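Here the structure is laid out as structure tokens; the discussion comes afterwards.
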Amino acid sequence: MRSLLAVVLLASLSASAQTKSQPKLAERPYMGWSSWSFLRSKVSEETVKAQVDALFAAKLPDYGYRYINLDAGWTDGWDEHGVPKTNLTKFPSGMDGFGQYLHSKGLLFGVYMNPGIDPKLYDANPVIEGTTAHIKDITITTLPGSTHKGAYKIDFTKPAARAYIFSMLRQFARWKVDFIKLDFVGPGGGNLPADNREELRVWHAAILATHRPIWLELSNWMSIDQAPLWQATSNGWRIENDVECYPCGRSTDPAIKGNLTIWSKVSERFADLRPWITYAKPGGWNDLDSLEIGNGDKDGITPAERQTMFTLWSISCAPLYLGTDLTHMDPADLAIITNKNLIAINQAGVPASPLDIQQLRNKQQQAWFTKNRDGSFTLALFNLGSESAAIKFDWRELDALRDTNFATHPPKLTDLVTNQGVPTSPDEINFTLDSHASRVFRLTATK
Numbered sequence: 214m215r216s217l218l219a220v221v222l223l224a225s226l227s228a229s230a231q232t233k234s235q236p237k238l239a240e241r242p243y244m245g246w247s248s249w250s251f252l253r254s255k256v257s258e259e260t261v262k263a264q265v266d267a268l269f270a271a272k273l274p275d276y277g278y279r280y281i282n283l284d285a286g287w288t289d290g291w292d293e294h295g296v297p298k299t300n301l302t303k304f305p306s307g308m309d310g311f312g313q314y315l316h317s318k319g320l321l322f323g324v325y326m327n328p329g330i331d332p333k334l335y336d337a338n339p340v341i342e343g344t345t346a347h348i349k350d351i352t353i354t355t356l357p358g359s360t361h362k363g364a365y366k367i368d369f370t371k372p373a374a375r376a377y378i379f380s381m382l383r384q385f386a387r388w389k390v391d392f393i394k395l396d397f398v399g400p401g402g403g404n405l406p407a408d409n410r411e412e413l414r415v416w417h418a419a420i421l422a423t424h425r426p427i428w429l430e431l432s433n434w435m436s437i438d439q440a441p442l443w444q445a446t447s448n449g450w451r452i453e454n455d456v457e458c459y460p461c462g463r464s465t466d467p468a469i470k471g472n473l474t475i476w477s478k479v480s481e482r483f484a485d486l487r488p489w490i491t492y493a494k495p496g497g498w499n500d501l502d503s504l505e506i507g508n509g510d511k512d513g514i515t516p517a518e519r520q521t522m523f524t525l526w527s528i529s530c531a532p533l534y535l536g537t538d539l540t541h542m543d544p545a546d547l548a549i550i551t552n553k554n555l556i557a558i559n560q561a562g563v564p565a566s567p568l569d570i571q572q573l574r575n576k577q578q579q580a581w582f583t584k585n586r587d588g589s590f591t592l593a594l595f596n597l598g599s600e601s602a603a604i605k606f607d608w609r610e611l612d613a614l615r616d617t618n619f620a621t622h623p624p625k626l627t628d629l630v631t632n633q634g635v636p637t638s639p640d641e642i643n644f645t646l647d648s649h650a651s652r653v654f655r656l657t658a659t660k
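214 is the number of the first residue of the sequence shown in the working numbering; add one for each residue after it.
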């Protein structure tokens, strides 16, 4: 058995070398499907394969939806070294076999993890691979190991703590995992004031040491005070709480029972995203959570709200991952999530930001704007109010805010949902939007 010092030294050297040679992940936001919203912990090989079949039936991989991410529910305890084991009742092929199945279809494979030490793992107290230390030797039971109740903190002053994280990542690499969601990372949202900063640094180093490009996504509601650390160590970070409507799942009201989300969960992201916008760039992206679009009325939001949701996610370059039941795809929803114009804006990776126009400062009516790499511009209008409302401003106001020249040379407008040209005044933007509706345009110079 290798000594602990040898294990840590080799891992550190590997991580150092890999930092220079590994291709950069997350050049663009990822696209795919995640199991949590629809399946919760009832995830299984059978149920996910049904989703994969539906994914291909809808031709979604042709549009870029390729990550298949297992959320909570795939594990069954730990092996003799404290590394998570596959629940073979749910996944009889094991994680290695299930990963091979996804890769054979040209898809990418994601799993779910939490930081810290689970109390059951602490009680089992296995020996950490490559060391003589036990799990209890690296655990601080008096401090929270995650922002979710029930985990103990890992003590990274102990060398075996680093060896433990590296041993888990070696297993994930053997399974050919492409994506890890690390949930309840602190400082951030959740129930407890956990501090996982050092653990996250070790996760990052351990991923580099695998020589495998594994996307690391942090959840949930991460603290913006630590945004530079999230940028340096991960490829994405949730900026809000869960988008799901958990009371809907418990409701006895047939009108809302089982609905995936509600409008308030979507609309709150407009304000919460604002301070994060500058952190989104190739290598790491602001995560708005899963898109609850695909199941018609069971989405829990209206058709206009679904279009608004997809438009905000797209123009802010957030990952586009579906949380819906793909086996019951609504045709109108499919048209929203396969809009090539909005997907292209999302994948170009130039996030839009809101325009500080005086007439729009009530925050219920908003205009978001960005300059595209080809020299055109994207303008998205949103009415977050409960009544229809006009969104109106003079081209001169936009010129003053974004150094455009539209007052002198009014741009051509193309509606990116219908892909049709839109006549407009040579002097201003003036559109009336229904409640919770949106419009999104490409602006092209006429000179």
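The beta carbon of each residue, even a glycine, is placed where N, CA and C say it ideally should be. Predicted model only: the values in this text are computed from it and were never measured.
Check for me: the beta strand (DSSP E) holding residue i runs from which residue to which?
i, result
"tryptophan 498", "498 to 500"
"leucine 525", "No beta strand (DSSP E) contains leucine 525, which is instead part of the alpha helix (DSSP H) from 516 to 528."
"asparagine 554", "No beta strand (DSSP E) holds asparagine 554; the alpha helix (DSSP H) holding it covers 553 to 561."
"arginine 655", "651 to 657"
"phenylalanine 392", "392 to 395"
"serine 247", "244 to 247"
"proline 305", "Here proline 305 belongs to no beta strand (DSSP E), and DSSP marks it neither H nor E."
"glutamine 633", "633 to 635"
"alanine 603", "602 to 607"
For the alpha helix (DSSP H) holding residue i, just list the boundary residues, first then last.
i, result
"serine 447", "First-last for serine 447: undefined, no H or E at that position."
"serine 380", "372 to 387"
"alanine 593", "Here alanine 593 belongs to no alpha helix (DSSP H); instead the beta strand (DSSP E) covers 590 to 596."
"valine 479", "476 to 486"
"valine 324", "That residue, valine 324, is in no alpha helix (DSSP H); its beta strand (DSSP E) goes 321 to 326."
"leucine 413", "410 to 422"
"proline 564", "No alpha helix (DSSP H) contains proline 564, which DSSP labels as neither H nor E."
Identify, in the order they occur along the chain, each residue of the same chain with its Cβ nearer than 6 Å to the Cβ of residue i, setting aside the five sequence neighbours on each side.
i, result
"glutamate 240", "Pro495"
"glycine 286", "Ser254, Val256"
"alanine 267", "Leu539, Thr540"
"histidine 417", "Thr446"
"glycine 307", "Thr299"
"asparagine 596", "Gln578, Ala602, Leu646, Ala650"
"arginine 482", "Glu453, Leu501"
"leucine 320", "Arg279, Ile281"
"isoleucine 469", "Cys461"
"valine 653", "Thr524, Ala593, Leu629"
"aspartate 309", "Trp388"
Are residue i and residue j close, meaning C-beta to C-beta below 7 Å?
i, j, result
"leucine 356", "lysine 349", "no"
"proline 488", "isoleucine 570", "no"
"tryptophan 443", "leucine 429", "no"
"serine 359", "glycine 329", "yes"
"alanine 603", "threonine 524", "no"
"leucine 473", "glycine 513", "yes"
"serine 599", "threonine 657", "no"
"threonine 655", "leucine 614", "First, the residue type needs correcting, since residue 655 is arginine and not threonine in the sequence shown. It is not a contact, given that the beta carbons lie outside the stated cut-off."
"glutamate 505", "tryptophan 476", "no"
"glycine 312", "lysine 371", "no"
"tryptophan 246", "leucine 533", "no"
"alanine 557", "arginine 586", "no"
Taking just the CA atoms, how far does residue j sit from residue i?
i, j, result
"aspartate 284", "isoleucine 427", "16 Å"
"aspartate 485", "alanine 270", "35 Å"
"aspartate 538", "phenylalanine 251", "6 Å"
"threonine 645", "valine 479", "21 Å"
"tyrosine 276", "threonine 352", "45 Å"
"isoleucine 393", "asparagine 433", "13 Å"
"lysine 625", "serine 638", "11 Å"
"alanine 364", "threonine 659", "59 Å"
"alanine 440", "phenylalanine 619", "35 Å"
"valine 387", "phenylalanine 582", "Going by the sequence as given, residue 387 is arginine instead of valine. Arginine 387 and phenylalanine 582: Cα-Cα distance of roughly 43 Å."
"aspartate 543", "alanine 263", "16 Å"
"proline 236", "leucine 421", "Note that proline 236 scores a pLDDT of 49, beneath 50, so its modelled location is shaky; the value from the coordinates is reported in the next line. Rounded to whole angstroms, proline 236 to leucine 421 spans 11 Å at the Cα level."
"tyrosine 335", "histidine 424", "30 Å"
"serine 248", "methionine 326", "14 Å"
"threonine 621", "leucine 238", "42 Å"
"valine 415", "glutamate 610", "48 Å"
"proline 339", "leucine 413", "22 Å"
"leucine 395", "serine 317", "25 Å"
"aspartate 408", "threonine 354", "14 Å"
In its own chain, which residues sit with a C-beta less than 7 Å from the C-beta of residue i, not counting the 5 before and 5 after it?
i, result
"aspartate 502", "Arg451, Glu453, Asp455, Val456"
"glutamate 641", "Lys605, Phe606, Asp607, Trp608"
"glutamine 384", "Val296"
"glutamate 411", "Phe369"
Kindly list the residues whose CB is nearer than 8 Å to the CB of residue i, restricted to its own chain and excluding five residues on each side of it in sequence; keep chain order.
i, result
"asparagine 499", "Gly449, Trp450, Ile452, Leu486, Trp489, Ile490, Tyr492, Ala493, Ser529, Cys530, Ala531, Pro564"
"leucine 159", "The question about residue 159 has no answer here: the residues shown for the chain are numbered 214 through 660."
Would residue i count as contacting chain D if we go by Cβ distances under 7 Å?
i, result
"proline 488", "No chain D appears in the structure shown, which is made up of a single protein chain."
At a cut of 8 Å, does the segment 569 to 581 reach the segment 543 to 555 through at least three beta carbon pairs? no
Specify whether the segment 290 to 305 and the segment 334 to 343 touch according to this definition: at least 3 beta carbon pairs, one from each stretch, less than 8 Å apart. yes
Taking 8 Å as the cut-off, does the segment 372 to 385 touch the segment 394 to 404 (at least 3 CB pairs, one atom from each stretch)? no
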